[in-house]
Amino acid sequence: MHIDRNAFPQAARIMDILKQKMFMLYKAATFEPRVPMAERVGLLEQVATTLIRGLDADQREARLAGAVQGYIEMSLEFLKLQRELERTGRYLLADERTAFENVYNREGAYGQSGYYLNGLLLAQALWPNHFSFWRLFRDRFASQLPTPTPRVLEVGVGTGFHFGELLSVHPDVRYTGVDVSQKAVDYCRRYVFGETPLPDHIHFVVDSISSGLSAGDQSQDALVMGEVLEHIEDPAGALREMWRVARPGAVFFLTTVVFAAAIDHIYLFENADQIRDLVAHAGWHIENELVLPVYPRDTPDMDRRPMNYAAVLRK
Ligand SMILES: C[S@@+](CC[C@H](N)C(=O)[O-])C[C@H]1O[C@@H](n2cnc3c(N)ncnc32)[C@H](O)[C@@H]1O
Numbered sequence: 015m016h017i018d019r020n021a022f023p024q025a026a027r028i029m030d031i032l033k034q035k036m037f038m039l040y041k042a043a044t045f046e047p048r049v050p051m052a053e054r055v056g057l058l059e060q061v062a063t064t065l066i067r068g069l070d071a072d073q074r075e076a077r078l079a080g081a082v083q084g085y086i087e088m089s090l091e092f093l094k095l096q097r098e099l100e101r102t103g104r105y106l107l108a109d110e111r112t113a114f115e116n117v118y119n120r121e122g123a124y125g126q127s128g129y130y131l132n133g134l135l136l137a138q139a140l141w142p143n144h145f146s147f148w149r150l151f152r153d154r155f156a157s158q159l160p161t162p163t164p165r166v167l168e169v170g171v172g173t174g175f176h177f178g179e180l181l182s183v184h185p186d187v188r189y190t191g192v193d194v195s196q197k198a199v200d201y202c203r204r205y206v207f208g209e210t211p212l213p214d215h216i217h218f219v220v221d222s223i224s225s226g227l228s229a230g231d232q233s234q235d236a237l238v239m240g241e242v243l244e245h246i247e248d249p250a251g252a253l254r255e256m257w258r259v260a261r262p263g264a265v266f267f268l269t270t271v272v273f274a275a276a277i278d279h280i281y282l283f284e285n286a287d288q289i290r291d292l293v294a295h296a297g298w299h300i301e302n303e304l305v306l307p308v309y310p311r312d313t314p315d316m317d318r319r320p321m322n323y324a325a326v327l328r329k
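Residue numbers (the numbering used here): 15 to 329.
(1) Less than 8 Å between C-beta atoms, sequence neighbours within five positions excluded: which residues of the same chain meet that for V117?
(2) Who are the Cβ neighbours of Q24 in its own chain at under 6 Å, not counting the five residues just before and after it?
(3) To the nearest angstrom, how far is the alpha carbon of D153 from that of R97?
(4) Can you tell me which residues form a DSSP beta bridge with G191?
(5) Compare the Cα-Cα distances from V169 to each of F151, I223 and R204 and report the closest residue.
(6) What number of angstroms, rounded off, separates the C-alpha of H245 from the C-alpha of Y189?
(7) So within the stretch 290 to 319, which uninterrupted beta strand (DSSP E) runs reach at least 3 residues, ignoring any that extend past its ends?
(8) For F267, write down the residues that DSSP places opposite it in a beta bridge.
(9) Is it buried or exposed, K94, if we count other Cβ atoms within 10 angstroms and call 16 or more buried?
(10) Can you list the alpha helix (DSSP H) stretches of 4 or more residues lying completely in the stretch 78 to 126, in chain order?
(11) Identify every residue that forms a DSSP beta bridge with M321.
(12) Just how far apart, CA to CA, sit H215 and M38?
(13) Output the distance between the C-alpha atoms of L106 and L181, rounded to the nearest integer angstrom.
(14) List the endpoints of the continuous alpha helix (DSSP H) containing Q158.
(15) For A260, list the residues DSSP reports as bridge partners.
(16) What separation, rounded to the nearest whole angstrom, lies between the Cα atoms of G240 and L268?
(17) Count the other C-beta atoms from every protein chain shown that fall within 10 angstroms of the C-beta of R54, then say buried if there are 16 or more, exposed otherwise.
(18) Looking only at its own chain, which residues have a Cβ that is under 6 Å from the Cβ of G84, when we skip the five neighbours before and after it?
(19) When you compare only the Cα positions, how much space is there between Q234 and F283?
(20) Would you tell me roughly how many angstroms separate the C-alpha atoms of R149 and S225, rounded to the nearest one?
(21) Keeping to the same chain, check which residues put their C-beta closer than 7 Å to that of R67; ignore five residues upstream and five downstream.
(22) Between which two residues does the alpha helix (DSSP H) containing A26 stretch?
(23) Using a Cβ-Cβ cut-off of 8 Å, state whether A137 counts as contacting chain D.
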């Protein structure tokens, strides 16, 4: 796979490092047939450029190499834990408190140079399913928001990827980012704003959705919750809480997983219908949906096979 180094210099550098450090993952990302690398390289360039903004040449190289290392560790961890899940039928953890102690509050996982958030950020472009979800976010969610000054609440800000994308379409967004992890909030702030102080219309809250949101009833025009539902003990309660703060007609971008392992996954969905049922019970209407198997030969209707799920919901 040839990457135009003039058009995509940082993406090319990332792929060089990946090729050198872990050829198997380079090959998997590059020769993935479902969404060709040529389509994903622009997003990889954008993410990498944001990641190294404001750094000098040496720091840039170290930052890109660190992100690739995170991607490798996260991908290998997935493969190992997925084998374990397929053997035991259970996720590793059963409660939010342990996930917080082992992962969200651990520097080696969620810190600026920890493997988890750095890996997740590159996966946004390198994993075809995550890339397809970004397209859904851009084309069916971000473009749907009322203007000007939409009120948007995100739960689980993580890397800041979705927030950054939102801000590029709606620079005047009145945004509240909620995350149980101070480390994630710090990572997100730095990814999106660098060292620049936060504008008045942006707020972060370090809290768990499981203890309820501080936002008022029907106060939000739009909601985002990417890859959080599988991290909480009561996902039905979280979907109802999101419903409470949404104004009538609000849109909600939701992603989660079916039977896909990670070090901090708690709630196991066995198929896409179980997600649809929870969503419908909380009152949401599914406007657009993608159910994408991890393994190319699987189909979206299967049980107990790893899949990524994304939907644009409407109240
Ligand atoms: C796997 S990351 C996903 C990040 C990002 N939303 C994405 O789609 O890439 C999960 C995020 O949810 C946060 N999180 C986990 N449990 C949470 C909870 N109960 N309340 C709020 N945030 C939570 C984690 O700290 C982490 O930032």
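The beta-carbon is built from N, C-alpha and C at its ideal position, and this holds for glycine as well.
On the basis of the supplied data:
(1) Your numbering for residue 117 matches position 103 in the sequence shown. Correct list, in chain order: A123, Y124, Y130, I277 and D278.
(2) Position 10 of the sequence shown, counted from the start, is the residue given in the question as residue 24. Excluding sequence neighbours, Q24 sits near E59, A62 and T63.
(3) Residue 153 sits at position 139 when you count from the first residue of the sequence shown. Residue 97 sits at position 83 when you count from the first residue of the sequence shown. Cα to Cα, the separation comes out at about 35 Å.
(4) Your numbering for residue 191 matches position 177 in the sequence shown. Answer is E168 and F218.
(5) Working through the sequence shown from its first residue, we reach residue 169 at position 155. For V169, the nearest C-alpha among the options comes from I223.
(6) Mapped onto the sequence shown, residue 245 falls at position 231. Mapped onto the sequence shown, residue 189 falls at position 175. Our two residues, H245 and Y189, have alpha carbons roughly 22 Å apart in a direct line.
(7) DSSP runs (the beta strand (DSSP E)) wholly in the stretch 290 to 319: 299 to 307.
(8) Along the sequence shown, read from residue 1 onward, the residue named residue 267 stands at position 253. V238 and V326.
(9) Against the sequence shown, residue 94 aligns to sequence position 80. Per the 10 Å Cβ criterion, exposed.
(10) Segments of the alpha helix (DSSP H) lying fully in the stretch 78 to 126: 110 to 113 and 121 to 124.
(11) Looking up residue 321 in the sequence shown gives position 307. According to DSSP, M321 bridges with V272 and P307.
(12) If you number the sequence shown from 1, residue 215 lands on position 201. If you number the sequence shown from 1, residue 38 lands on position 24. Cα to Cα, the separation comes out at about 44 Å.
(13) By one-based count along the sequence shown, residue 106 stands at place 92. By one-based count along the sequence shown, residue 181 stands at place 167. Whole-angstrom Cα-Cα distance: 35 Å.
(14) As a working note, residue 158 is residue 144 in the sequence shown. It is not in any alpha helix (DSSP H) - Q158 carries neither H nor E in the DSSP assignment.
(15) If you number the sequence shown from 1, residue 260 lands on position 246. Listed as beta-bridge partners of A260 by DSSP are Q234.
(16) Stepping through the sequence shown from its first residue, residue 240 is reached at position 226. Stepping through the sequence shown from its first residue, residue 268 is reached at position 254. Going by the C-alpha atoms only, they are around 6 Å apart.
(17) Here residue 54 is taken as the residue at index 40 of the sequence shown, counted from 1. Residue burial annotation: R54 is buried, with at least 16 other C-beta atoms found within 10 angstroms of its C-beta.
(18) Counting from 1 along the sequence shown, the entry for residue 84 is found at position 70. Cβ neighbours of G84 beyond the five flanking positions: Y129, N132 and G133.
(19) As a first step, residue 234 is located in the sequence shown; it is residue number 220 there, counting from the start. As a first step, residue 283 is located in the sequence shown; it is residue number 269 there, counting from the start. Computed Cα separation, rounded: 28 Å.
(20) Your numbering for residue 149 matches position 135 in the sequence shown. Your numbering for residue 225 matches position 211 in the sequence shown. CA-to-CA, the gap between R149 and S225 works out to about 31 Å.
(21) Numbered from its first residue, the sequence shown carries residue 67 at position 53. Excluding residues up to 5 positions away in sequence, G208 lie with their Cβ nearer than 7 Å to the Cβ of R67 in the same chain.
(22) Residue numbering aside, residue 26 sits at position 12 when the sequence shown is read from its first letter. That run of the alpha helix (DSSP H) goes P23 to K35.
(23) Note that chain D does not occur in the displayed structure, where there is just one protein chain.
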